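Remarks on the structure that follows.
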Amino acid sequence: GQQVQQSPSSLVLQEGENAELQCNFSSTATQLQWFYQSPGGSLVSLLSNPSGTKHTGRLTSTTVTKERRSSLHISSSQTTDSGTYLCALNAYKVIFGKGTHLHVLP
Amino acid sequence: NSKVIQTPRYLVKGQGQKAKMRCIPEKGHPVVFWYQQNKNNEFKFLINFQNQEVLQQIDMTEKRFSAECPSNSPCSLEIQSSEAGDSALYLCASRLGGSAETLYFGSGTRLTVL
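Going down the list, the protein sequences come from chains B and E.
The opening position of the first sequence corresponds to residue 47 in this note's numbering, with each subsequent residue numbered one higher.
The opening position of the second sequence corresponds to residue -15 in this note's numbering, with each subsequent residue numbered one higher.
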């Protein structure tokens, strides 16, 4: 079946550093979403990006559909960015990766 | 961001008890999903609806869970007889239409089965 793999599984940064998160998927889908999950569990949709490059605030996502990969770049990380970043393939069902656990140190 | 509302936020039940959780999807969203997220961050699809109709569900949901999305009422997911392995975060999500649409999640119901 469809699979979504994320790397790295965890990442520790100093505040102000940039983060680069990767997502590889086994088949194409009509929608790819990046989510942020807080330590409390709430899931927030960050970007929907099936192809190309999209920006919102300090976030940039680039999806290369034919190479079946997407990246999420977080610039100038802040301690409040700490949490889990999930990549999800939005098909008939939604397939999630296991996430990247980001910890930003003050 | 999301206007999907889930209640309760926390739920504690004994083994064998019923556990019921509710979800109000974002207004105008006919497609609703339920997911179970375990301690290892793994998401398990449980069931999805389009309007009031079940589109797809897994075997476990069919046998042990009761789920519905009535018109003009919250969607609900109920475990008929809770087991320790059901302890997890239950997440509800909705979207406007097909797979090209953005999916929005609620804050989840964290179930603990003692």
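C-beta: ideal position from N, C-alpha, C; glycine also.
Computed from a prediction, not measured in an experiment: that's the story for all the values here.
Inspect the beta-carbon positions of Ala72 (chain E) and Leu98 (chain E) and report whether they are closer than 8 Å. For this step, residue 72 (chain E) is matched to residue 88 along the second sequence. For this step, residue 98 (chain E) is matched to residue 114 along the second sequence. No, the pair does not count as a contact, with Cβ atoms beyond the cut-off.
Selection from B:Glu66, B:Gln60, B:Gly62, B:Gln49 that minimises the alpha carbon distance to Thr146 (chain B): Position 100 of the first sequence, counted from the start, is the residue given in the question as residue 146 (chain B). Selected option, being the one with the closest Cα: B:Glu66.
Taking Glu67 (chain E) as the reference, give the member of E:Val(-12), E:Ala3, E:Tyr(-6), E:Pro(-8) with the closest Cα. One-based indexing of the second sequence puts residue 67 (chain E) at position 83. The option with the nearest alpha carbon to Glu67 (chain E) is E:Ala3.
Using 8 Å as the limit for Cβ to Cβ distance, is Leu89 (chain B) near chain E? Walking along the first sequence from the start, residue 89 (chain B) turns up at place 43. Judged by the 8 Å Cβ criterion, Leu89 (chain B) is in contact with chain E.
With 16 other Cβ atoms within 10 Å as the buried cut-off, status of Thr86 (chain E): What you label residue 86 (chain E) is simply residue 102 of the second sequence in a count that begins at 1. Burial call: exposed.
Neighbour flag for Ser94 (chain B) against chain E, beta carbons, 8 Å: Within the first sequence, residue 94 (chain B) is the residue found at index 48, counting from 1. Contacts with chain E at 8 Å (Cβ-Cβ) include Ser94 (chain B).
Whole-number beta carbon distance between Gly62 (chain B) and Ser123 (chain B), since they are thought to touch under 8 Å: As a first step, residue 123 (chain B) must be located in the first sequence, where it is residue number 77. As a first step, residue 62 (chain B) must be located in the first sequence, where it is residue number 16. Right, their Cβ atoms sit about 7 Å apart.
From His149 (chain B) to Phe81 (chain B), what does the alpha carbon distance come to, in whole angstroms? Here the question's residue 149 (chain B) lines up with position 103 in the first sequence. Here the question's residue 81 (chain B) lines up with position 35 in the first sequence. The alpha-carbon atoms of His149 (chain B) and Phe81 (chain B) are separated by roughly 16 Å.
Measure from the C-beta of Lys100 (chain B) to each C-beta in chain E and report whether the shortest distance is under 8 Å. Counting from one through the first sequence, the residue named residue 100 (chain B) turns up at place 54. Output row for Lys100 (chain B): interface = no.
Along chain B, which residues have their Cβ under 7 Å away from the Cβ of Ser83 (chain E)? One-based indexing of the second sequence puts residue 83 (chain E) at position 99. Those within 7 Å of Ser83 (chain E) in chain B are Ala75, Thr76, Gln77, Asn136, Ala137, Tyr138.
Rounded to the nearest angstrom, how far is the Cβ of Ala77 (chain E) from that of Tyr19 (chain E), given a contact under 8 Å? As a first step, residue 77 (chain E) must be located in the second sequence, where it is residue number 93. As a first step, residue 19 (chain E) must be located in the second sequence, where it is residue number 35. About 7 Å separates the beta carbon of Ala77 (chain E) from that of Tyr19 (chain E), a gap short enough to meet the 8 Å contact definition.
Stretch-stretch touch, CB-based, cutoff 8 Å, three pairs: the segment 130 to 138 of chain B with the segment 70 to 79 of chain B: yes
With 8 Å as the threshold, decide whether the Cβ of Lys112 (chain B) is near any Cβ in chain E. Here residue 112 (chain B) is taken as the residue at index 66 of the first sequence, counted from 1. So, not an interface residue.
Could you tell me which chain E residues have their CB closer than 9 Å to the CB of Gly62 (chain B), listed as they occur along the chain? Taking the first residue of the first sequence as position 1, residue 62 (chain B) is located at position 16. Those do not exist, as Gly62 (chain B) stays about 25 Å from chain E at its closest Cβ, beyond 9 Å.
Report the neighbours of Gly92 (chain E) on chain B: residues whose CB is nearer than 7 Å to its CB, in chain order. Position 108 of the second sequence holds residue 92 (chain E). In chain order: Gly87, Ser88.
Please name the residue in E:Gln40, E:Asn22, E:Thr93, E:Leu80 whose C-alpha comes closest to that of Leu30 (chain E). The count along the second sequence starts at 1 and reaches residue 30 (chain E) at position 46. The option with the nearest alpha carbon to Leu30 (chain E) is E:Gln40.
For a contact meaning CB atoms closer than 8 Å, what does Thr130 (chain B) contact in chain E? Here residue 130 (chain B) corresponds to residue number 84 of the first sequence, with the count starting at 1. Result: Asn25.
Best match in E:Cys7, E:Lys(-3), E:Lys(-13) for proximity to Leu61 (chain E) [C-alpha to C-alpha]: Residue 61 (chain E) sits at position 77 when you count from the first residue of the second sequence. It is E:Cys7.
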